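Enquirer:
Residue numbers (my numbering), protein chains in the order written: chain A, 448 to 645; chain B, 44 to 294.
#1: Which chain A residues are close to residue 87 (chain B), counting only those with a beta carbon under 9 Å from its beta carbon?
#2: Suppose contacts are defined by Cβ-Cβ distances below 8 Å. Is residue 100 (chain B) in contact with residue 121 (chain B) by that definition?
#3: Check the Cβ-Cβ distances between residue 535 (chain A) and every residue of chain B, and say whether any is below 8 Å.
#4: Between the region 585–611 of chain A and chain B, which residues of the former have CB atoms less than 7 Å from a CB of the latter, in chain order?
#5: Is it true that the CB of residue 80 (chain B) sits closer than 8 Å to the CB of residue 97 (chain B)?
#6: So residue 167 (chain B) is in the alpha helix (DSSP H); what residue range does that whole segment cover?
#7: By the 10 Å Cβ neighbour count, where 16 or more other Cβ atoms means buried, how is residue 206 (chain B) classified, buried or exposed?
#8: Starting from the Cα of residue 143 (chain B), find the closest Cα among B:236, B:283, B:210, B:85 and give me that residue.
#9: Less than 8 Å between the CB atoms is what I'm expecting for residue 288 (chain B) and residue 136 (chain B), so what's the real figure, rounded?
#10: Going straight from the alpha carbon of residue 563 (chain A) to that of residue 644 (chain A), what length do you get?
#11: Measuring only between beta-carbons, confirm whether residue 632 (chain A) sits less than 8 Å from chain B.
#12: Quick one, which of A:462, A:547, A:629, A:522 has its alpha-carbon nearest residue 586 (chain A)'s?
#13: With distance defined between alpha-carbon atoms, name the residue in A:505, A:554, A:577 nearest to residue 533 (chain A).
#14: What residues from the region 182–199 of chain B come within 7 Å of chain A, judged by C-beta to C-beta, listed N to C?
#15: How big is the Cα-Cα spacing for residue 566 (chain A) and residue 84 (chain B)?
#16: Is the distance from the Cβ of residue 126 (chain B) to the Cβ of residue 169 (chain B) below 8 Å?
#17: Which first and last residues belong to the alpha helix (DSSP H) in which residue 181 (chain B) is found?
#18: With a threshold of 8 Å between beta-carbons, can residue 83 (chain B) be considered close to chain A, or not?
#19: Are the C-beta atoms of residue 164 (chain B) and some chain A residue less than 8 Å apart?
#20: Check whether the Cβ of residue 93 (chain B) lies closer than 8 Å to any Cβ atom in chain A.
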């Protein structure tokens with residue numbers, strides 16, 4: 448039997464979401480059909496709200512509902528330290544940790560030569576401007592420790608070298624709770640290079 | 044279902060779904076293959092740094108013969124080429140090498156000589172400092188490895204020694220043209236006898252000895268125009284990484 452057109456439409460839209468295949472889309476659509484109309488409206492409204500109310504912060508490029516964002520407009524944050532991350536959701540990962548009190552800069556991606564993504568496609572020019580205009584003491588490069596993240600960090604470090612600012616890179620090496628037995632040579636080498644005196 | 048073991052070099056590594064990676068490798072025994080590495084993006088993944096592009100790894104993978112996507116079981120690093128990754132000039136050239144191989148080699152066809160070329164190219168890039176001659180040599184040798192060695196001993200038209208004076212080079216017919224044939228056929232590019240001699244030498248020199256190639260001023264551009272246009276004429280498009288090599292010089 449053919450599905451009603453409204454169900455097919457919902458299935459098609461759900462399947463577009465990351466990590467959702469045909470089976471999951473079907474399960475979600477039946478869950479929504481069984482639920483109340485009020486519940487469906489709330490979900491639809493929440494989706495519309497993120498498109499209507501969420502903007503990118505003009506300073507750090509993180510997602511926010513007011514510009515500048517809460518972190519950029521907070522006078523209690525340390526304005527001399529800037530943490531450079533790849534994506535807006537990385538800001539929330541750092542904020543959930545609760546130890547970093549500085550400000551952020553979101554690159555909106557990484558330099559990826561194999562995908563043709565270069566510095567003009569990112570917010571690197573804005574980062575340079577922030578370093579020029581603000582009295583920054585340290586820029587922490589917190590891109591992923593993969594090839595693209597490392598090369599982006601190297602590029603930014605080279606670009607910001609002429610400015611009187613400390614440029615640091617987040618530590619790389621063994622994860623907490625990991626096992627040396629299963630560590631590969633590169634990870635182990637990085638953990639030795641980044642060792643700390645106790 | 045078969046279980047395969049081979050050395051390989053990681054050409055590309057892309058995110059797949061929430062936790063997996065889709066990895067393209069140039070292997071010594073089975074040519075270019077694509078594998079899914081399950082849970083490779085997790086912080087405590089057993090693959091660790093082994094699936095980063097340029098890594099020379101020993102892999103264990105399984106799947107049905109002649110299928111296009113295999114499952115990666117294990118990858119142990121033999122050489123990480125860490126020094127290349129820490130130098131942007133070298134990194135972009137290393138990525139240019141892997142993009143050349145990825146674009147020009149077809150999947151599932153063993154090409155051990157091209158695997159050796161890539162490995163030797165990366166090893167030389169890691170150790171050496173003369174990056175431009177190495178890139179030109181790699182371009183020429185990859186085309187030769189694919190069966191497109193340009194004819195440089197005799198004129199491709201009249202089959203006589205090209206001799207002195209201004210010569211021509213035809214990308215369509217892949218070879219040198221003597222003076223009279225150059226005037227007759229008006230090929231795309233003109234070259235000097237010095238460039239022709241250097242190109243001849245480039246066909247026989249070992250990649251690891253690329254530092255012995257010294258391009259005099261002016262000849263570097265002429266040779267670059269020929270080797271790069273040979274690749275362009277074959278591929279029909281510009282490689283993405285090439286722009287990065289050029290732009291890096293401006294930073």
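Where a beta carbon is used, it is the ideal one built from N, C-alpha and C, also for glycine. Nothing here was measured: the structure is a model prediction, and the numbers come from that model.
Expert: Taking the definition as stated:
#1: 622, 624, 625, 626, 629
#2: Going by C-beta atoms, residue 100 (chain B) is nearer than 8 Å to residue 121 (chain B).
#3: At least 8 Å separates the CB of residue 535 (chain A) from every CB of chain B.
#4: 593, 594, 597, 598, 601, 602, 605, 606
#5: no
#6: 155–170
#7: exposed
#8: The option with the nearest alpha carbon to residue 143 (chain B) is B:283.
#9: Correct: roughly 6 Å between the Cβ atoms.
#10: Their backbone Cα atoms lie some 41 Å apart in a straight line.
#11: yes
#12: A:547
#13: A:554
#14: none
#15: Put simply, the backbone Cα of residue 566 (chain A) is about 25 Å away from that of residue 84 (chain B).
#16: In contact: residue 126 (chain B) and residue 169 (chain B) (Cβ atoms closer than 8 Å).
#17: 174–188
#18: no
#19: no
#20: yes
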